[in-house]
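2 protein chains.
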Amino acid sequence: MKNNRVTSLFGIKYPIISGGMVWCSGWRLASAVSNAGGLGLIGAGSMHPEVLREHIQKCKAATDKPFGVNVPLMYPEIDTIMDIIVGEGVKIVFTSAGNPKTWTKKLQDHGIIVAHVVSSSKFALKCEEAGVNAVVAEGFEAGGHNGREETSTMVLIPQVRKSLSIPLIAAGGIGTGDGMLAAFALGAEGIQMGSRFALTQESSASKEFKELCIGLKEGDTMLSLKKLSPTRMIKNDFYNAVQTMEDRGASADEIRELLGRGRSKKGIFEGDLSNGELEIGQISSLIDDLPSAAKVVEDVIAEYNSKIDKLITADSKF
Amino acid sequence: MKNNRVTSLFGIKYPIISGGMVWCSGWRLASAVSNAGGLGLIGAGSMHPEVLREHIQKCKAATDKPFGVNVPLMYPEIDTIMDIIVGEGVKIVFTSAGNPKTWTKKLQDHGIIVAHVVSSSKFALKCEEAGVNAVVAEGFEAGGHNGREETSTMVLIPQVRKSLSIPLIAAGGIGTGDGMLAAFALGAEGIQMGSRFALTQESSASKEFKELCIGLKEGDTMLSLKKLSPTRMIKNDFYNAVQTMEDRGASADEIRELLGRGRSKKGIFEGDLSNGELEIGQISSLIDDLPSAAKVVEDVIAEYNSKIDKLITADSKF
Numbered sequence: 193m194k195n196n197r198v199t200s201l202f203g204i205k206y207p208i209i210s211g212g213m214v215w216c217s218g219w220r221l222a223s224a225v226s227n228a229g230g231l232g233l234i235g236a237g238s239m240h241p242e243v244l245r246e247h248i249q250k251c252k253a254a255t256d257k258p259f260g261v262n263v264p265l266m267y268p269e270i271d272t273i274m275d276i277i278v279g280e281g282v283k284i285v286f287t288s289a290g291n292p293k294t295w296t297k298k299l300q301d302h303g304i305i306v307a308h309v310v311s312s313s314k315f316a317l318k319c320e321e322a323g324v325n326a327v328v329a330e331g332f333e334a335g336g337h338n339g340r341e342e343t344s345t346m347v348l349i350p351q352v353r354k355s356l357s358i359p360l361i362a363a364g365g366i367g368t369g370d371g372m373l374a375a376f377a378l379g380a381e382g383i384q385m386g387s388r389f390a391l392t393q394e395s396s397a398s399k400e401f402k403e404l405c406i407g408l409k410e411g412d413t414m415l416s417l418k419k420l421s422p423t424r425m426i427k428n429d430f431y432n433a434v435q436t437m438e439d440r441g442a443s444a445d446e447i448r449e450l451l452g453r454g455r456s457k458k459g460i461f462e463g464d465l466s467n468g469e470l471e472i473g474q475i476s477s478l479i480d481d482l483p484s485a486a487k488v489v490e491d492v493i494a495e496y497n498s499k500i501d502k503l504i505t506a507d508s509k510f
Numbered sequence: 193m194k195n196n197r198v199t200s201l202f203g204i205k206y207p208i209i210s211g212g213m214v215w216c217s218g219w220r221l222a223s224a225v226s227n228a229g230g231l232g233l234i235g236a237g238s239m240h241p242e243v244l245r246e247h248i249q250k251c252k253a254a255t256d257k258p259f260g261v262n263v264p265l266m267y268p269e270i271d272t273i274m275d276i277i278v279g280e281g282v283k284i285v286f287t288s289a290g291n292p293k294t295w296t297k298k299l300q301d302h303g304i305i306v307a308h309v310v311s312s313s314k315f316a317l318k319c320e321e322a323g324v325n326a327v328v329a330e331g332f333e334a335g336g337h338n339g340r341e342e343t344s345t346m347v348l349i350p351q352v353r354k355s356l357s358i359p360l361i362a363a364g365g366i367g368t369g370d371g372m373l374a375a376f377a378l379g380a381e382g383i384q385m386g387s388r389f390a391l392t393q394e395s396s397a398s399k400e401f402k403e404l405c406i407g408l409k410e411g412d413t414m415l416s417l418k419k420l421s422p423t424r425m426i427k428n429d430f431y432n433a434v435q436t437m438e439d440r441g442a443s444a445d446e447i448r449e450l451l452g453r454g455r456s457k458k459g460i461f462e463g464d465l466s467n468g469e470l471e472i473g474q475i476s477s478l479i480d481d482l483p484s485a486a487k488v489v490e491d492v493i494a495e496y497n498s499k500i501d502k503l504i505t506a507d508s509k510f
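Heads up: the sequence lines are chains H and F, in that order. For the first sequence, my numbering puts the final residue at 510, and the numbers step up evenly by one. For the second sequence, my numbering puts the final residue at 510, and the numbers step up evenly by one.
Here it is, written out as structure tokens:
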């Protein structure tokens, strides 16, 4: 594609980004996506600082293509994390879950390109004001942590496009080339996929988690923990326990106590499918295989191109 | 477009359908949409049988183009309603909220084309088995009554497309030509728009309701009444009262008592913005005008065509 601002901005071949997911996106997945022509992100959210440093170093050794790190800004050791990112010469950072003003300029002063993840056009505008280089707008159907307004990708993307002038990357509910073309029709210039890349060979999620996910049907994930921070997860025993508490009007504190610590690690990384918090997006219902990340990138681009051809040859205008 | 199965099936120019909405879709809106080349539906859900008969007769007088009636199958006087539809020679019926097996064949025996509205691929398959002529798949972002699985349009359409061979109409979160093209990229062959047509000159909703809706922002509607029948509505005093009850764990019976009867009429038709149930979709945040229904059809088609041109001329393939 000529004049795609997302590929130009990041220096990549295809405007396909692998989301920085907890317990899934280590150096293996990030480098595989980058080597395939997309932009791989290391998800710092589930890494201790020195673990992140190791992943960055291994990623640099595994690819000479651009890659990035995703950093949730509410990370407790955020200063240490950012020092490591700058020190290791990372060139691209995706921030999320926090105020883009705090870190954008500081990172850019080190020559780093900054994108920020939002779930509303209101926050997208704040990103533009803060000087970020691109925005990821993520809809309600996405896995894991999610916006409170529950705006779906179909509505969110045109809404953000309307008010934003910088490059816009769509996320949430996208796992195919058809989804990519739909996102582009709505005004996006790139896509970020989480679930699709979580369910690949290079994802560091456990075998148990991956195998459960590729058997999911529609309605098997739900947005939960709304009294804490809304999170999309698989309806397992842990989810049911939360729902039972919410149905009887339990307080945020009670639910926080049930949640405890380390639930997503337990579920996604260690494969405890009953007690773990199993974060994955709605689009998992459409996914039934565990290919390599490179195959995902190839297939999405091939499907996108062929759908464009189909729309042209079928004389699709009215 | 050559070979569009939705326009062929209904004998219309454009595969744009106006949803059969309570208190919005009378004969004026239905005939205006049909006269503009789309398919207008009269929404029987908020009509007494003799009122429906009057609307059908007036619609026949106002257009010589195909139009239809939307019938929620849990309507208490369903037999009377269907007798009127058959007796008045209606040629197209969209059914919803019930089992498609019960009425499809009976209606088809009278030469009526039947479509059924679903929110999952499981029910879409039941429709195909029941012999319906087309399926409307409606996502989480749609206004009014909604599925329990909360699958968004972005995920639902490719999922239904995968398992269905009959014509597929996308609904939920669509209000523009860009949205139409996105739906087509996902595998739909037509679109049904509710909110966009509810907010037109010919919609029978009150001035107060329409004016409130065109000022809405993202997050101003929410899926509520989940212990009864999930319904998307504007966050007003009534919504807040429901949420307060749900937060403290109120039972379905308590919420049913609060809901009472006639809330949607009060809100949408009579314009009681505080105590009424104000059903509208997420896409309302993108709508800021009250054009004629014909202008909506024209604009959507023009935008759809121009976006296709843009995707072609920009050399959009990778």
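Yeah, the Cβ is synthetic: ideal placement off N, Cα and C, and Gly gets one too.
Practice problem: Determine the chain H residues that contact alanine 374 of chain F at a beta-carbon separation under 7 angstroms, and present them in chain order. | Solution: Met346, Ala374, Ala377, Leu378
Exercise. Please state whether DSSP places arginine 424 of chain F in a helix, a strand or coil.
Key: strand
Quiz item: Where does phenylalanine 286 of chain H sit, in a helix, a strand or coil, going by DSSP?
Solution: strand
Quiz item: Smallest Cα separation from asparagine 428 of chain F: which of F/Glu490, F/Leu404, F/Gly371?
Solution: F/Leu404
Quiz item: So is lysine 194 of chain H in contact with chain F if we call contact Cβ pairs under 8 angstroms?
Solution: yes
Practice problem: Quick one: which residues of the region 262 to 286 of chain H get their C-beta closer than 7 angstroms to a C-beta of chain F? List them in chain order. | Solution: none
Exercise. Would you kindly report the start and end of the unbroken alpha helix (DSSP H) that includes asparagine 497 of chain H?
Key: 485 to 505
Quiz prompt | Contacts that lysine 499 of chain F makes with chain H (C-beta to C-beta distance below 8 angstroms) | solution = Ala377
Quiz prompt | Between the CA atoms of glutamate 462 of chain H and alanine 397 of chain H - distance to the nearest angstrom | solution = 8 angstroms
Exercise. In the DSSP assignment, find the beta strand (DSSP E) that holds phenylalanine 401 of chain F and state where it starts and stops.
Key: Per DSSP, phenylalanine 401 of chain F belongs to no beta strand (DSSP E); it is in the alpha helix (DSSP H), 399 to 405.
Exercise. Work out the CA separation of valine 278 of chain H and histidine 302 of chain H for me, nearest whole Å.
Key: 7 angstroms
Quiz item: Which class does serine 416 of chain H belong to by DSSP, given the choice of helix, strand or coil?
Solution: strand
Exercise. List the residues that DSSP assigns as beta-bridge partners of leucine 360 of chain H.
Key: H/Val327
Quiz prompt | Best match in H/Asn467, H/Ala442, H/Ala307 for proximity to glycine 454 of chain H [C-alpha to C-alpha] | solution = H/Asn467
Self-check item: Sub-8 angstroms separation of isoleucine 361 of chain F and alanine 326 of chain F beta-carbons
Solution: yes
Exercise. Measure the Cβ-Cβ separation of leucine 391 of chain F and lysine 409 of chain F and say whether it is below 8 angstroms.
Key: no
Quiz item: Three-state secondary structure (DSSP) at valine 214 of chain F?
Solution: coil
Exercise. Consult DSSP for isoleucine 234 of chain F and reduce its assignment to one of helix, strand or coil.
Key: strand
Quiz item: Between the Cα of proline 258 of chain H and the Cα atoms of H/Val225, H/Thr287, H/Pro268, H/Pro241, which residue gives the shortest distance?
Solution: H/Val225
Exercise. Determine whether the Cβ of glutamine 351 of chain F lies closer than 8 angstroms to any Cβ atom of chain H.
Key: yes
Quiz item: Is there a Cβ from chain F that is less than 8 angstroms from the Cβ of glutamate 490 of chain H?
Solution: no
Quiz item: What number of angstroms, rounded off, separates the C-alpha of valine 489 of chain H from the C-alpha of leucine 299 of chain F?
Solution: 47 angstroms
Quiz item: Hey, how far is the Cα of glycine 323 of chain H from the Cα of isoleucine 209 of chain H?
Solution: 21 angstroms
Practice problem: Kindly indicate which residue of H/Thr413, H/Gly232, H/Thr296, H/Ala307 has the alpha-carbon position closest to the one of cysteine 216 of chain H. | Solution: H/Gly232
Quiz prompt | Endpoints, the beta strand (DSSP E) within which glutamine 393 of chain H is located | solution = Run containing glutamine 393 of chain H: none; DSSP gives neither H nor E here.
Exercise. Kindly indicate the opening and closing residues of the alpha helix (DSSP H) around isoleucine 273 of chain F.
Key: 270 to 279
Quiz item: Between proline 264 of chain F and tyrosine 206 of chain F, what straight-line distance do the alpha-carbon atoms span, to the nearest angstrom?
Solution: 25 angstroms
Quiz prompt | Interface flag, glycine 459 of chain H vs chain F, CB-CB below 8 angstroms | solution = no
Quiz prompt | Any C-beta of chain H under 8 angstroms from that of leucine 503 of chain F | solution = yes
Self-check item: Best match in H/Glu438, H/Asp445, H/Gly407, H/Leu465 for proximity to aspartate 480 of chain H [C-alpha to C-alpha]
Solution: H/Gly407
Quiz item: Nearest chain F C-beta to leucine 478 of chain H closer than 8 angstroms, yes or no?
Solution: yes
Practice problem: State the DSSP-derived secondary structure class of asparagine 195 of chain F, mapped to helix, strand or coil. | Solution: coil
Exercise. Could you check if methionine 274 of chain H is buried or exposed, using at least 16 other CB atoms within 10 Å of its CB as the buried criterion?
Key: buried
Practice problem: Step through the CB atoms of chain H and report whether any lies within less than 8 angstroms of the CB of methionine 414 of chain F. | Solution: yes
Quiz prompt | Neighbouring residues, chain C, relative to serine 398 of chain F (Cβ below 7 angstroms) | solution = No chain C appears in this structure, whose protein chains are H and F.
Self-check item: Contacts of arginine 388 of chain F in chain H (Cβ-Cβ under 7 angstroms)
Solution: Ordered by position in chain H, no residue passes the 7 angstroms Cβ test against arginine 388 of chain F, which lies about 12 angstroms from the chain.
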